[in-house]
Amino acid sequence: MKDIFETPPQMPLRPPSQVMRLSRMGAMFPTRLSFLRSLMRRLAQENACVVQREWVMCADGFGHAVFSVMLGGYTYSLVAISTDLPAELRTDRVIATAWDTAYVLFDGLPAADDIARIKTNAPLQEAGRFGPRDLILSRANKSVRLFAHVVEELRAGRQPDLAMIRSVGYLMRTTAVYGNGKFGIADRAAYDTRPGLEGPFAAEMLTVWLIRHFTHALAEHAGRSTLDRATRRYLGIGNSTGLGMAPFLVNHPVLLNNWMLARETALARVRAIEGLTPRQIHRIGALARRAGAHLYQWQVPDPAHQSRIDRLRRDWTHAAALLLPERLRGLRPLDAVMRDVAVLSEDVQELMAALLIEPFGELVDGLAECMADPFGGFAPPLGDTDTLRAAIEALYDWALGVDYAAPQNCTQFWYVSQAKMEPRLGLRFEEEGAALETPLDIGRRVKAAYDDLPSKAEPVSTYLNRHPDHALAVQRVTLSAHYPYGEIRDNLIAQTCLPIDMLRCKLSFFGASKFDPKCDRWTRITLCQGAPLAEDLEQDADDWWLPVFAA
């Protein structure tokens, strides 16, 4: 990687105390370092070709299909199963037991017996049986209104209504994309050193992109005609996700650090650019206009979130003025822009950060290679309790001033559902189950450890021998000293904690856009909207940040 040998100039990073607050994490937008973007660049570099291996469908689109693609010298195949799902069984909730479609990303080309096995087991999802060549397991439901409209219009010899295409943006939405050994599929370690799949969630993103390809093909098959290329390009794949995703960021502090550090380093590098060329100035202006158009097309049913989008649209008109050519001809103009938007909302600041990173791939794309965690968390141990005390005071000052006994500061508790083995969030003073709380209350635990520190220094091992219940807190402090962006600096059991902020942070790294929260615990989003089609990988493979539909 180029960055190993030559480190570009950069401005100071924004500190974790600013970046790692929930409200700012919940304002993040996708960037060119997002995992889908990195995957698309890799596929384009290899001139990857998607091949339809099997298509066994009835006239209405029920049956199975197999698509394969070569990446990094390995062949991967999406086995897709489409079923005739009764309307009363269709739900995006985790309690669902049946779905319109089910998928397995298979390692290699599946033989007939592999396909037969997957056809039997994939529709069962958690209840199915899977093996070491099954890399990813997924399922998706149709956006019934749009899918039916597209099929009806195609059968009538017409293209679908563009306003409806724009308002929904996808033909199907996934409700789960499982990886890393869940339900018997392959462990990530079986493929995480393969070229193209080294990055975080690369196999999952490849699956999502192939699912999107399948949804287009299925609608065209059922409609007995083809969609316009521009329409297909705009149609992404939806996703409905909830609390199950939120604890990941807490349970994987090294990964979170690496993701945030890469993003912040990218921003620091572009802020250090001494001067811009006319071409770069033009590009930034075009992206500012695209961002404004994207915000205009971002509509959600929830009044509170729509009000937030409306406010962002208004604020963006002021922020975009900072990107006019005459404002970008001075010294370090992008640093000046970020300083100027600091007085505006966090939504504006994070949108601007994503935009400023976008034109400078040659400067920042290598950072994508630093976002995985191949070794796990390791940090030198803290020698004695005085060192531990100093580390807590320096890194966890945000946690020390909280009265965790006050009801508003411990209102919620995290636990794992016995029925679905999925994370849940309970209300401590209204629901049972707090005795089974999972340890996401990092701030409370660190403060408790701090309060029990002895006045006279002693080895940390001696302290932990006396207080073994503080082992997790000490581990987090030790890691934070080495991975400063690995801790969310908020009370995750407070009444004010909104899990949707954690969801948006993680989903933005996937490359998600059009966040559509249904409450503060689950959201719908769009992936791959504007992403290259299989036939587009040789052109425009990396210019689809915040896509706009020209309807």
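So for the sequence shown, UniProt numbering puts the first residue at 1; every next one is plus one.
Cβ atoms here follow ideal geometry from the backbone N, Cα and C, with glycine treated the same way.
Since we're looking at a predicted model, the values are computed, not measured.
Using DSSP with H/G/I as helix, E/B as strand and the rest coil, what is Tyr463? Within the sequence shown, numbered from 1, the residue matching residue 463 stands at position 463. Note: Tyr463 maps to helix in three-state DSSP.
For Val416, does the three-state DSSP call read helix, strand or coil? Against the sequence shown, residue 416 aligns to sequence position 416. Three-state result, Val416: strand.
For Ala368, I'd like the list of residues in its chain whose CB is within less than 6 angstroms of its CB, leaving aside the five on either flank, ordered along the chain. Counted from its first residue, the sequence shown places residue 368 at position 368. Hits under 6 angstroms: Leu33 and Ser38.
Sequence-distant residues of its chain with Cβ nearer than 6 angstroms to Ala473 (five each side left out): Reading the sequence shown from its first residue, position 473 is the one you call residue 473. Same-chain partners within the cutoff: Arg445, Val446 and Ala449.
What did DSSP end up calling Tyr296 once you bin it into helix, strand or coil? What you label residue 296 is simply residue 296 of the sequence shown in a count that begins at 1. In this structure, Tyr296 counts as helix in the three-state DSSP scheme.
Write down the C-beta distance between Asp100 and Ser82 rounded to the nearest angstrom, noting that I regard them as a contact closer than 8 angstroms. Counting from 1 along the sequence shown, the entry for residue 100 is found at position 100. Counting from 1 along the sequence shown, the entry for residue 82 is found at position 82. At roughly 7 angstroms, the Cβ-Cβ gap stays under 8 angstroms, so Asp100 and Ser82 are in contact.
In chain order, what residues of the same chain lie with their CB nearer than 7 angstroms to the CB of Leu363, ignoring the 5 residues before and after it? Indexing the sequence shown from 1 puts residue 363 at position 363. Within the same chain, Leu363 has close Cβ partners Pro8, Arg269 and Val270.
Give every residue of the same chain whose Cβ lies closer than 6 angstroms to the Cβ of Gln159, excluding the five residues on either side of it in the sequence, and list them in chain order. In the sequence shown, counting from the first residue as 1, residue 159 sits at position 159. So the qualifying residues of the chain are Asp228.
With distances taken from CA atoms, which of Gly128, Leu171 and Ala163 is nearest Arg145? Counting from one through the sequence shown, the residue named residue 145 turns up at place 145. Closest by alpha carbon: Leu171.
Could you compute how far the alpha carbon of Phe35 sits from the alpha carbon of Arg279? Within the sequence shown, residue 35 is the residue found at index 35, counting from 1. Within the sequence shown, residue 279 is the residue found at index 279, counting from 1. If I take the Cα positions, the gap works out to 27 angstroms.
Could you spell out the range, first to last residue, of the alpha helix (DSSP H) harbouring His221? As a first step, residue 221 must be located in the sequence shown, where it is residue number 221. That run of the alpha helix (DSSP H) goes Ala202 to Gly223.
For Ala354, which residues in the same chain have their Cβ closer than 6 angstroms to its Cβ, ignoring the five residues on either side in sequence? The sequence position of residue 354 within the sequence shown is 354, counting from 1. Closer than 6 angstroms at Cβ, skipping near neighbours: Phe29 and Thr31.
DSSP state of Asn239 mapped onto helix, strand, coil: By one-based count along the sequence shown, residue 239 stands at place 239. Strand at Asn239.
Can you give me the start and stop residues for the beta strand (DSSP E) that Met70 sits inside? As a first step, residue 70 is located in the sequence shown; it is residue number 70 there, counting from the start. Residues Gly63 to Leu71.
Beta-carbon gap between Ile165 and Leu218 smaller than 9 angstroms: Numbered from its first residue, the sequence shown carries residue 165 at position 165. Numbered from its first residue, the sequence shown carries residue 218 at position 218. In this structure, Leu218 does not lie closer than 9 angstroms to Ile165 by Cβ.
Going by DSSP in three states, Ile136 sits in which element: helix, strand or coil? As a first step, residue 136 is located in the sequence shown; it is residue number 136 there, counting from the start. In this structure, Ile136 counts as strand in the three-state DSSP scheme.
So, at 7 angstroms on beta carbons, what are the nonlocal neighbours of Arg283 in its own chain, with the 5 sequence-adjacent residues on each side left out? Mapped onto the sequence shown, residue 283 falls at position 283. Cβ neighbours of Arg283 beyond the five flanking positions: Pro359.
Pull up the distance between the alpha-carbon of His305 and that of His294, whole angstroms please. As a first step, residue 305 is located in the sequence shown; it is residue number 305 there, counting from the start. As a first step, residue 294 is located in the sequence shown; it is residue number 294 there, counting from the start. Distance between the alpha carbons of His305 and His294 is about 16 angstroms.
Within its chain, find whatever has a CB closer than 6 angstroms to the CB of Arg53; leave out the 5 residues flanking it on each side and keep chain order. The count along the sequence shown starts at 1 and reaches residue 53 at position 53. Excluding positions up to five away in sequence, the list reads Val66 and Ser68.
What are the boundary residues of the alpha helix (DSSP H) that includes Arg339? Here residue 339 refers to the residue found at position 339 of the sequence shown. Pro333 to Asp340 is the extent of the alpha helix (DSSP H) around Arg339.
Should Val51 go down as buried or exposed, given a rule of 16 or more other Cβ atoms within 10 Å for buried? Translated into positions along the sequence shown, residue 51 becomes position 51. Exposed.
Between the Cα of Tyr404 and the Cα atoms of Tyr463, Ile493, Gln297 and Ala471, which residue gives the shortest distance? Here residue 404 refers to the residue found at position 404 of the sequence shown. Minimum Cα distance to Tyr404 is reached at Ile493.
Three-state secondary structure (DSSP) at Leu13? What you label residue 13 is simply residue 13 of the sequence shown in a count that begins at 1. Coil, per DSSP.
DSSP has Glu54 in a bridge; who is on the other side? Locating residue 54 in the sequence shown gives position 54, where the first residue counts as 1. Glu54 is bridged to Val66.
Name the two residues that bound the continuous beta strand (DSSP E) containing Lys514. Numbered from its first residue, the sequence shown carries residue 514 at position 514. From DSSP, the beta strand (DSSP E) with Lys514 extends over Ser513 to Pro517.
Where does Pro247 fall in DSSP's three states? The count along the sequence shown starts at 1 and reaches residue 247 at position 247. Of the three classes helix, strand and coil, the one that applies to Pro247 here is helix, per DSSP.
Considering Phe429, what are the terminal residues of the beta strand (DSSP E) in which it resides? In the sequence shown, the residue the question calls residue 429 occupies position 429. No beta strand (DSSP E) holds Phe429; DSSP gives it neither H nor E.
Judging by CA-CA distance, which residue of Ala550, Asp536, Gln475 and Phe549 is the nearest neighbour of Ala44? The count along the sequence shown starts at 1 and reaches residue 44 at position 44. It is Asp536 whose Cα lies nearest to the Cα of Ala44.
Given this structure, state the Cα-to-Cα distance separating Trp55 from His64, to the nearest angstrom. Residue numbering aside, residue 55 sits at position 55 when the sequence shown is read from its first letter. Residue numbering aside, residue 64 sits at position 64 when the sequence shown is read from its first letter. Those two C-alpha atoms are separated by around 6 angstroms.
Near Asp520, what residues of its chain come up, given a Cβ to Cβ distance below 6 angstroms and the 5 sequence neighbours on each side ignored? To locate residue 520, count along the sequence shown from 1; it is residue 520. Around Asp520: Leu498 and Ile500.
Span separating the alpha-carbon of Lys2 from that of Ala262: One-based indexing of the sequence shown puts residue 2 at position 2. One-based indexing of the sequence shown puts residue 262 at position 262. For Lys2, the predicted structure reports a pLDDT of 46, less than 50, and the residue's modelled location is therefore unreliable. The matter cannot be settled from this model.
Hey, is the region 451-464 in contact with the region 421-436, meaning 3+ C-beta pairs nearer than 8 angstroms? no
Which of helix, strand or coil DSSP assigns to Asn47: Looking up residue 47 in the sequence shown gives position 47. DSSP places Asn47 in coil when its eight states are reduced to three.
Do Arg332 and Glu264 have their CB atoms nearer than 9 angstroms? Taking the first residue of the sequence shown as 1, we reach residue 332 at position 332. Taking the first residue of the sequence shown as 1, we reach residue 264 at position 264. Contact: no.
May I ask you to list the residues that DSSP assigns as paired with Leu78? Within the sequence shown, numbered from 1, the residue matching residue 78 stands at position 78. Answer is Phe67 and Leu105.
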